[in-house]
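Numbering (the working numbering), first residue to last: 142 to 321.
A virtual CB, placed ideally from N, CA and C, is assigned to each residue, including glycine.
Small disclaimer: the values here were computed from a predicted structure and weren't measured.
Notes follow the structure.
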């Protein structure tokens, strides 16, 4: 693991919540559908299975007023390493071995966004305590799972066995040319 990686914990949320930050007019859209390139490399992928919402610990609190940022997921042993999509710098760890297993056993790809839970100022106001600039806090990670339709039953069984349940992604999170 990276030496600059803070201690991490991961929890899975079992419900989908509408996040206004994903629909905010104050931040630029991730991209327009007509210009958007696929969030994955494989041309065999033909379906979006849905969304997994997880929690990770990160020192990221947002950037330039933006509370949502795209991240990439890379298998790292039996955990997923999160990296900021633009800088490729470390963003966090997801201790969800099922996501690694999915990529090993099936033709799966992910598109993910990390959602900051609040600014450090907000965290101090809630706790009433001062925090260090690089202190870690929980961030949501919204992971859209793409794959091959013929593998959908096996994929859903693996996720169910791991206690992970697919939610409906928002319209802005979907790559529209792929069926949902």
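Residue 296 carries a helical assignment under DSSP once its states are collapsed to helix, strand and coil.
Inter-residue distance for residue 256 and residue 186 is about 26 Å (C-alpha atoms, whole angstroms). In the structure shown, the three-state DSSP call for residue 302 is helix. In terms of CA proximity to residue 234, 280 leads the group 287, 294, 304 and 280. Only buried fits residue 314, as 16 or more other CB atoms lie within 10 angstroms of its CB. According to the DSSP secondary-structure assignment, residue 278 is paired through a beta bridge with 199. In this chain, the alpha helix (DSSP H) harbouring residue 239 covers 238-246.
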